[in-house]
Amino acid sequence: MIGAGLIGLSLAFELAERGAAVRVFDRAEPARAASWAGAGMLAPYTERITNDALLTLCEASLREYPAFVRRVADASGVDPHLRLEGVLYAAFGPEEFANLRQQSASLQSRAVACEVLDRAGALAAEPWLSPSVAGALLKRQEGFVDNRRFGRALVAACNARGVRIERSDSIALECDSRRVLGVRTGGGFIACDVVVNACGAWAAGLEGVPAACVPPVEPIKGQMVALSVPIGFARRATWVPGAYLVPREDGRLLIGATVEPSGFDERTTAAGIHALLHSAVDAAPALGSFTVTESWAGLRPGTPDGLPVLGATVLEGFFLATGHYRNGILLAPATARSIADAVETGNCAPLAPFALGRFGTERPAASRITYA
Ligand SMILES: Cc1cc2nc3c(=O)[nH]c(=O)nc-3n(C[C@H](O)[C@H](O)[C@H](O)COP(=O)(O)OP(=O)(O)OC[C@H]3O[C@@H](n4cnc5c(N)ncnc54)[C@H](O)[C@@H]3O)c2cc1C
């Protein structure tokens with residue numbers, strides 16, 4: 032495995048539990064990068080994913096979350112704080128509220144448990160919202176996980192299952208014209224039958240990979256800011272115009288996130304943090320008096336069509352598990368299960384909508400990639 036984010040670590044844990052000998056290589060600290068920077072929201076409906084294959088994979092992952100987290104917690108002794116008590120989407124005008132009613136009808140036709148709340152209902156659910164709220168849509172199956180704790184838990188769970196996580200400044204794939212041979216690091220050559228590229232936003236830059244196996248992944252920056260609020264102040268992750276707010280059990284309230292195609296730039300900026308705070312305080316003036324405790328940025332792995340790149344490549348033994356863009360934390364369990372299945376059985380048919388081959392041999396140049 033190359034890349035020790037939530038995707039690489041989840042897959043390493045899954046493979047190790049199935050009996051494989053697994054090593055994970057990373058050039059930096061494991062479970063940092065985007066997997067640390069994210070908000071941990073598990074919210075495919077609130078994200079309004081329109082691609083059927085992606086929505087189906089996200090729904091499967093959401094269903095698999097409780098059992099996967101339990102296995103990781105059992106192996107690690109670390110509770111990742113999974114909370115699936117619903118996500119609220121608050122509307123502040125009649126038009127937006129009407130849109131939520133429409134969304135509710137279409138979700139209910141898909142058997143998704145959701146409920147339209149009027150103004151009083153929205154304020155009863157989350158009393159810190161501005162009294163100007165028009166109403167809200169509560170999606171009951173959604174929620175969040177504390178992704179930083181989940182990352183720490185996965186590192187410990189991998190260690191407990193015999194996975195070696197190794198850090199090296201130089202990491203490259205080695206292959207011949209037909210198949211994978213192994214991984215070369217600063218410490219030497221390690222022969223491997225299977226190598227998975229789980230390098231997140233950096234997946235296109237992994238050394239030693241033949242051009243036909245390079246995924247067209249690009250970094251999309253997200254900035255976030257955290258406030259210190261009384262513990263229990265907010266119960267649920269809540270979307271408001273221009274931002275979302277996600278509580279943590281230690282009393283932090285995360286506010287996210289910008290979406291910026293700005294290369295490998297991980298700085299927070301005055302404009303980015305200003306926009307987030309402005310949206311949050313507009314929707315909930317009570318937030319204005321709390322202390323700002325932290326701000327940070329991370330790089331989402333974006334792809335030209337917004338879908339992840341999953342499965343085998345034309346190079347025998349070389350797999351891709353990257354391009355999860357805004358939903359990599361949500362998709363970790365299903366990615367781990369489905370790539371482990373593909374590695375074990377050689378059957379990548381269930382992953383066909385996410386295959387690298389969909390981009391053809393002519394890859395879009397970076398400048399031609401556009402994002403919604
Ligand atoms: C601000 C923000 C908010 C987000 N919110 C959510 C959310 O609420 N819900 C959700 O589901 N998703 C969210 N995401 C998206 C999610 O965080 C990512 O999709 C996910 O973390 C990607 O995981 P990953 O393991 O692929 O990548 P990463 O976590 O970025 O890990 C990649 C790893 O690969 C390593 N690496 C890179 N190149 C090399 C190399 N050449 N050699 C060796 N190692 C290498 C890196 O050091 C890193 O450790 C958010 C992202 C951001 C930035």
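Numbering (the numbering used here), first residue to last: 32 to 403. The beta-carbon is built from N, C-alpha and C at its ideal position, and this holds for glycine as well. All values derive from a computational prediction rather than experimental measurement.
In angstroms, rounded to a whole number, what distance separates the CA positions of residue i and residue j?
i      : j      : result
His112 : Leu37  : 15 Å
Met32  : Pro158 : 45 Å
Leu131 : Val211 : 49 Å
Ser398 : Ser293 : Low confidence applies to Ser398: its pLDDT is 35, below 50, so where it sits in the model is not reliable, and the reading given next is rough at best. Straight-line Cα distance between these residues: approximately 12 Å.
Val203 : Val240 : It is worth fixing the name first, because residue 203 is Ala in this sequence and not Val. Roughly 8 Å separates the two Cα atoms.
Ala35  : Glu280 : 25 Å
Leu307 : Ala121 : 16 Å
Thr322 : Ser259 : 6 Å
Phe123 : Arg331 : 29 Å
Ser310 : Ala386 : 37 Å
Val143 : Ser135 : 9 Å
Ala74  : Gly219 : 42 Å
Ala167 : Glu375 : 44 Å
Phe349 : Ser161 : 51 Å
Glu347 : Thr77  : 38 Å
Could you check how far apart the C-beta atoms of residue i and residue j are, in whole angstroms? I think they sit under 8 Å.
i      : j      : result
Gly282 : Ile262 : 5 Å
Gly329 : Glu297 : 7 Å
Met255 : Ala302 : About 14 Å separates the two Cβ atoms, so there is no contact after all.
Val118 : Glu173 : 4 Å
Ala98  : Ala188 : Not a contact, Cβ separation roughly 14 Å.
Ala229 : Pro246 : Rounded, the Cβ-Cβ distance is 11 Å, inconsistent with contact.
Classify residue i as helix, strand or coil using the three-state DSSP reduction.
i      : result
Asp83  : helix
Ile196 : strand
Val312 : helix
Leu318 : helix
Ser41  : helix
Pro250 : strand
Val260 : coil
Opposite residue i in the DSSP bridges: which residues?
i      : result
Thr46  : Looking at the sequence itself, residue 46 is Leu, so the reference to Thr does not match. None; Leu46 has no bridge partner.
Thr353 : Val340
Asn190 : According to DSSP, Asn190 bridges with nothing at all.
Leu300 : The question names Leu, but residue 300 is Thr in the sequence shown. Partner(s): none; Thr300 has no beta bridge.
Tyr275 : Trp270 and Gly287
Phe220 : Arg215
Ile33  : Phe56 and Asn228
Phe175 : Met72 and Arg114
Where are the beta strand (DSSP E) runs, 3 residues long or more, that stay fully inside the segment 113 to 166, in chain order? Listed in chain order, they are 118 to 122 and 145 to 149.
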